[in-house]
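Under our numbering, residues 7 to 324 are what the sequence shown spells out, in order.
Glycine included, every Cβ here is placed at the ideal spot set by N, Cα and C.
Reading through the structure tokens given below for one structure.
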Amino acid sequence: MPERDVVANNAMISALSKYHLVEQAPCLFDSLLHRNSATWNSMISCYCNSGDVKSARLVFGQNPIKDVVSWNAMIDGAIFTFRAMQAESVKTMEVTMIGLLSAYAHLGALEMGKWVHAFIKRKSLKIDVVVDNALIDMYCKCGSIDIALDVFHGFPEKNIFCWNSMMVGCSHSGLVPADRKYFSQMVRNNRVEPGIEHYGCMTDLLGRAGLLKEALELVRSMPMKPNSVLDPADGENYVFLSNLYATMSHWTDVEKCRKLMTERGVLKTPGCSSIEVDFVVHEFVVKDISHPQYPWMAAFLDEMERNSKGMGMRRTHP
7 MPERDVVANN
17 AMISALSKYH
27 LVEQAPCLFD
37 SLLHRNSATW
47 NSMISCYCNS
57 GDVKSARLVF
67 GQNPIKDVVS
77 WNAMIDGAIF
87 TFRAMQAESV
97 KTMEVTMIGL
107 LSAYAHLGAL
117 EMGKWVHAFI
127 KRKSLKIDVV
137 VDNALIDMYC
147 KCGSIDIALD
157 VFHGFPEKNI
167 FCWNSMMVGC
177 SHSGLVPADR
187 KYFSQMVRNN
197 RVEPGIEHYG
207 CMTDLLGRAG
217 LLKEALELVR
227 SMPMKPNSVL
237 DPADGENYVF
247 LSNLYATMSH
257 WTDVEKCRKL
267 MTERGVLKTP
277 GCSSIEVDFV
287 VHEFVVKDIS
297 HPQYPWMAAF
307 LDEMERNSKG
317 MGMRRTHP
């Protein structure tokens with residue numbers, strides 16, 4: 007079947023979902039002899055958007071080509087279910103909040119995460135170390151490090167997971183002094199012993215900042231042996247190396263990394279970004295063409311890329 011026919015069918019399933027004609031979507035889906043990942047994801051989203059999480063879970067389980075969009079569609083279904091709980095005045099428990107915060111952290115939905123935080127306070131729900139860590143993790147992943155720090159410092163009983171979430175958040179934000187501070191505090195804290203993942207986090211941060219000598223010294227000072235050698239088939243290792251070269255403006259080496267990945271047939275997890283507008287998260291995944299407005303968006307992005315090249319800007323990721 008021509009690829010354009012598959013795309014057309016995917017768009018049709020999305021349209022049936024959009025206009026609340028969900029009962030017609032399964033018939034179309036079942037009649038298709040050729041399905042790609044976008045076909046499965048469109049059907050999962052269709053069920054989730056209609057509140058039929060059970061059917062969405064069934065299709066998800068049958069999906070042989072799950073990707074990040076598949077998982078995010080199921081997360082959206084969980085959020086839909088929570089809203090239905092609220093509409094039915096079902097009593098909310100702390101474990102519900104933890105799951106919801108985790109979902110919003112994954113989607114990068116800061117405003118919705120803030121709403122959950124306010125809801126916890128308003129309902130006087132118990133904030134134990136697990137809820138506290140979920141809040142820290144959500145704020146860090148949504149890029150709101152200042153609020154994450156407030157939550158972190160405001161909770162007296164921190165476990166290893168709280169420290170880990172805070173360090174990872176600082177690392178992803180490039181906050182070298184802050185990460186040094188928390189790593190040193192954790193080392194001095196007799197109740198919390200840093201593991202190899204924390205040393206790895208610090209090494210990653212120092213490497214991204216171009217502080218290679220300091221990163222090497224940290225690895226050599228570890229109280230445990232490094233746990234693995236870089237896997238030549240793991241795409242994330244190439245991405246890390248390429249990003250490291252990019253931070254030092256070694257563009258020739260960046261291109262070499264990309265070429266090496268192509269020659270070795272190494273794949274990486276598709277890039278994914280999201281934006282929250284009026285409490286609705288819109289997500290974009292590399293090479294996903296299932297969106298009805300994909301041609302317009304692709305043309306707009308091409309125009310942006312041409313303009314950025316004209317301004318001397320370059321891509322920094324493979």
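The stretch 100 to 107 touching the stretch 56 to 68, judged by at least three CB pairs closer than 8 Å:
no
Using the Cα positions of N47 and R63, report the straight-line distance between them to the nearest angstrom.
Locating residue 47 in the sequence shown gives position 41, where the first residue counts as 1. Locating residue 63 in the sequence shown gives position 57, where the first residue counts as 1. Answer to the nearest angstrom: the Cα atoms are 11 Å apart.
Own chain partners of A90 with C-beta closer than 6 Å, once the 5 adjacent residues on each side are dropped:
Within the sequence shown, the letter at position 84 stands for residue 90. Here the set comprises nothing.
Keeping to the same chain, check which residues put their C-beta closer than 8 Å to that of E203; ignore five residues upstream and five downstream.
Counted from its first residue, the sequence shown places residue 203 at position 197. Result list for E203: N170, in chain order.
Simplified DSSP assignment, three categories, for V291:
Taking the sequence shown and counting its residues from 1, one reaches residue 291 at position 285. DSSP places V291 in strand when its eight states are reduced to three.
How many Å lie between D294 and M80 at the Cα?
Sequence index remark: in the sequence shown, residue 294 carries index 288 (1-based). Sequence index remark: in the sequence shown, residue 80 carries index 74 (1-based). Answer to the nearest angstrom: the Cα atoms are 17 Å apart.
Please work out which residues of its chain come closer than 6 Å, Cβ to Cβ, to Y251, disregarding the five sequence neighbours upstream and downstream, and give them in chain order.
Taking the first residue of the sequence shown as 1, we reach residue 251 at position 245. Excluding positions up to five away in sequence, the list reads D259, V260.
Please tell me whether G175 and C148 are closer than 7 Å, where the distance is taken between their beta carbons.
Position 169 of the sequence shown, counted from the first residue, corresponds to residue 175. Position 142 of the sequence shown, counted from the first residue, corresponds to residue 148. It is not a contact, given that the beta carbons lie outside the stated cut-off.
Taking F189 and M173 to be in contact with their CB atoms under 8 Å, please state how far apart those CB atoms are, rounded to whole angstroms.
For the purposes of this step, residue 189 is taken as the residue at position 183 of the sequence shown. For the purposes of this step, residue 173 is taken as the residue at position 167 of the sequence shown. With 8 Å as the limit, F189 and M173 qualify as a contact, their Cβ atoms being about 6 Å apart.
Alpha-carbon to alpha-carbon, T209 and E311:
Reading the sequence shown from its first residue, position 305 is the one you call residue 311. Reading the sequence shown from its first residue, position 203 is the one you call residue 209. Near 33 Å, if we compare the C-alpha coordinates of T209 and E311.
Count the other CB atoms within 10 Å of the CB of T45; is the residue buried (16 or more) or exposed (fewer)?
Along the sequence shown, read from residue 1 onward, the residue named residue 45 stands at position 39. So T45 ends up on the buried side.
If you check the beta carbons only, do V28 and S56 fall under 7 Å apart?
As a position in the sequence shown, residue 28 is number 22, starting the count at 1. As a position in the sequence shown, residue 56 is number 50, starting the count at 1. Yes; because the gap between Cβ atoms is below 7 Å, this pair is in contact.
According to the Cβ coordinates, are D138 and F161 closer than 7 Å?
The residue given as residue 138 occupies position 132 in the sequence shown. The residue given as residue 161 occupies position 155 in the sequence shown. Cβ distance < 7 Å, so D138 and F161 count as in contact.
Measuring only the C-alpha atoms, how far is F35 from D11?
To locate residue 35, count along the sequence shown from 1; it is residue 29. To locate residue 11, count along the sequence shown from 1; it is residue 5. Answer to the nearest angstrom: the Cα atoms are 13 Å apart.
For A14, count neighbouring Cβ atoms within 10 angstroms of its own Cβ and tell me buried if that reaches 16, exposed if not.
Taking the sequence shown and counting its residues from 1, the one referred to as residue 14 is at position 8. It is exposed - the Cβ of A14 has fewer than 16 other Cβ atoms within 10 Å.
Spatial neighbours of D73 in its chain, beta-carbon cut-off 6 Å, leaving aside the 5 residues before and after:
Position 67 of the sequence shown, counted from the first residue, corresponds to residue 73. Cβ within range, chain order: S43.
I need the straight-line Cα distance from M2 to A93, nearest angstrom please.
There is simply no residue 2 to check, as the chain begins at 7 and stops at 324 in what is shown.
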